[in-house]
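Student: For what it's worth, our numbering labels the leading residue of the sequence shown as 2, then goes sequentially. Note that beta-carbon positions come from the ideal geometry of N, C-alpha and C, so glycine has one too. Being a predicted model, the structure only gives us computed values, none of them experimental.
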Amino acid sequence: MALHLGPLGRLVTLRAPRPEIEIEQPRQGGTHVALSGARTVDYLGSRGKYAFAWRWISDGERDYLEALRDRHIAGPLRFVLDGWRRNRLSRSAASTGYGGRDLSGVTVTAGTIAPSRSWPDGVGLPGLSLSWSGWGAGAAVRLDRAHPVPVLPGESLACSVWVRSPQPVTLRLVADHYTAEGYTDATTTPDVTLTADTWQQLTATVAPDPGVWGVSLAIVPGATPKPAPLLIAAAQVEAAMFPTSWSPGGGAPVVMVDDLPVTAARAGYTHTTLTLLEA
Numbered sequence: 002m003a004l005h006l007g008p009l010g011r012l013v014t015l016r017a018p019r020p021e022i023e024i025e026q027p028r029q030g031g032t033h034v035a036l037s038g039a040r041t042v043d044y045l046g047s048r049g050k051y052a053f054a055w056r057w058i059s060d061g062e063r064d065y066l067e068a069l070r071d072r073h074i075a076g077p078l079r080f081v082l083d084g085w086r087r088n089r090l091s092r093s094a095a096s097t098g099y100g101g102r103d104l105s106g107v108t109v110t111a112g113t114i115a116p117s118r119s120w121p122d123g124v125g126l127p128g129l130s131l132s133w134s135g136w137g138a139g140a141a142v143r144l145d146r147a148h149p150v151p152v153l154p155g156e157s158l159a160c161s162v163w164v165r166s167p168q169p170v171t172l173r174l175v176a177d178h179y180t181a182e183g184y185t186d187a188t189t190t191p192d193v194t195l196t197a198d199t200w201q202q203l204t205a206t207v208a209p210d211p212g213v214w215g216v217s218l219a220i221v222p223g224a225t226p227k228p229a230p231l232l233i234a235a236a237q238v239e240a241a242m243f244p245t246s247w248s249p250g251g252g253a254p255v256v257m258v259d260d261l262p263v264t265a266a267r268a269g270y271t272h273t274t275l276t277l278l279e280a
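1) Taking one C-beta from the stretch 151 to 165 and one from the stretch 200 to 209 each time, how about it: are there three or more such pairs within less than 8 Å?
2) Quick one: residues in its chain with C-beta nearer than 8 Å to the C-beta of THR296, no 5 flanking neighbours on either side, listed in chain order?
3) Can you have a look at GLU239 and say buried or exposed, based on whether 16 or more other CB atoms are within 10 angstroms of its CB?
4) Would you kindly report the start and end of the unbroken beta strand (DSSP E) that includes GLU62?
5) So which of ALA266, ASP192, ILE114 and GLY31 has the shortest CA-CA distance to ALA229?
6) Please work out which residues of its chain come closer than 7 Å, Cβ to Cβ, to GLN26, disregarding the five sequence neighbours upstream and downstream, and give them in chain order.
7) On the three-state DSSP scale, how would you describe ALA253?
8) By Cβ distance, which residues of its chain are closer than 8 Å to SER39, with the 5 residues on each side in sequence left out?
9) Given a threshold of 16 other Cβ atoms within 10 Å of its Cβ, counted over all protein chains shown, does LEU266 qualify as buried or as exposed?
10) Roughly how many angstroms lie between the CA atoms of ASP198 and ASP43, to the nearest whole one?
11) Excluding five sequence neighbours on each side, which residues of the same chain lie with their C-beta closer than 6 Å to the C-beta of THR110?
12) In this structure, how does DSSP classify GLY76 when only helix, strand and coil are distinguished?
13) Beta carbon of GLY215, beta carbon of VAL150: below 8 Å?
14) Write down every uninterrupted run of the alpha helix (DSSP H) in the stretch 98 to 123 whose length is 4 residues or greater and which is fully enclosed by it, in chain order.
15) Which runs of the beta strand (DSSP E) fall wholly inside the stretch 200 to 227 and span at least 3 residues, in chain order?
16) Using a Cβ-Cβ cutoff of less than 8 Å, which residues in the same chain neighbour PRO123 once the five nearest sequence positions on both sides are dropped?
17) Would you give the residue range spanned by the beta strand (DSSP E) that SER47 belongs to?
18) Taking 7 Å as the limit between beta carbons, can you name the residues of its chain near SER130, skipping five residues before and five after?
19) In whole angstroms, give me the CA-to-CA distance for ARG146 and SER217.
20) Quick check on the DSSP output: the alpha helix (DSSP H) that includes ARG284 runs from which residue to which?
21) Out of curiosity, what's the CA-to-CA distance linking ARG86 and PHE80?
22) Runs of 4 residues minimum, wholly inside the stretch 139 to 167: which ones carry the alpha helix (DSSP H) assignment?
23) Locate the beta strand (DSSP E) running through VAL34, then write down its first and last residues.
24) Quick one: what does DSSP say LEU261 is sitting in, helix, strand or coil?
25) Looking only at C-alpha atoms, which of ARG56, TYR179, SER166 and LEU277 sits nearest to THR264?
26) In the DSSP output, which residue or residues are listed as bridge partners for GLN237?
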């Protein structure tokens with residue numbers, strides 16, 4: 002599994018790290034015990050910790066890792082690990098804010114959002130959807146706008162999200178493109194009119210483009226007779242031509258270098274372990 006690591010648009014492909022990569026998601030929050038012995042666990046969120054190890058890397062590879070560690074190469078950094086998680090959206094955006102509890106990857110341009118227990122049967126894993134109300138035509142729910150999904154050279158990206166409304170709302174899925182100059186263009190689906198009270202999947206494919214560094218999603222309603230609550234669930238961006246089954250996000254996290262111990266093995270070669278912390 003090769004590791005692609007670096008700033009958005011300048012990810013460098015490193016040789017595959019040693020097997021059995023250590024990946025942790027430590028919980029933030031305390032555990033409280035009542036007089037009865039009952040426990041309450043506070044969940045304030047979690048951020049990943051990733052440890053990659055190499056033996057016999059060249060001086061050039063070592064120099065690159067040390068340049069990341071020393072902030073010679075400016076962040077924020079991203080990584081993609083081949084064959085690990087196919088959904089490159091953040092965990093917040095992929096789960097559409099966990100039903101309104103973690104909105105770090107979700108923004109709205111108008112209206113209000115709240116959790117809903119409705120969930121598409123076609124997804125498999127249960128969850129909470131996001132209910133968006135009070136919107137008007139042209140408003141948007143944006144996913145990972147601040148941290149677009151990285152695009153590797155030659156990749157097609159399949160984008161998808163599940164939506165539902167009690168009225169026949171007209172929607173389109175927009176995949177915004179980012180290059181060295183920032184936002185430049187978008188892949189936009191034709192308007193789709195939803196069947197009332199039915200979960201439907203919106204899909205879009207971003208074709209390979211050597212200038213595109215990243216992609217973020219937006220769900221944009223068209224004109225409707227009366228704005229109705231819109232439910233949004235199970236978003237995904239993956240390296241594929243067509244969407245596959247949904248999986249939780251986190252496949253391209255924003256990270257910082259925490260530790261890089263180095264063992265000088267012999268002239269020209271090094272052993273090292275790289276520890277990354279999710280921002």
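Tutor: Put simply:
1) yes
2) No information on residue 296 is available, as it lies outside the stretch 2 to 280 that the chain covers here.
3) buried
4) Here GLU62 belongs to no beta strand (DSSP E); instead the alpha helix (DSSP H) covers 60 to 70.
5) ILE114
6) SER47 and GLY49
7) coil
8) The amino acid at residue 39 is misidentified as Ser; the sequence shows Ala. Excluding sequence neighbours, ALA39 sits near nothing in its chain.
9) Before going further, note that residue 266 is Ala rather than Leu in the sequence given. With fewer than 16 Cβ atoms within 10 Å of its Cβ, ALA266 is classed as exposed.
10) 35 Å
11) ALA140 and ALA141
12) coil
13) yes
14) none
15) 201 to 207 and 215 to 222
16) Correcting the residue identity first, residue 123 is Gly in this sequence and not Pro. These residues qualify, in order along the chain: TRP163, TRP200 and GLN202.
17) Element bounds for SER47: n/a, residue is neither H nor E.
18) THR97, GLY100, SER117, SER119, TRP120, LEU232, ILE233 and ALA234
19) 6 Å
20) In the structure displayed, the chain extends from 2 to 280; residue 284 sits before or after that span and is not available.
21) 11 Å
22) none
23) 32 to 34
24) coil
25) ARG56
26) SER161
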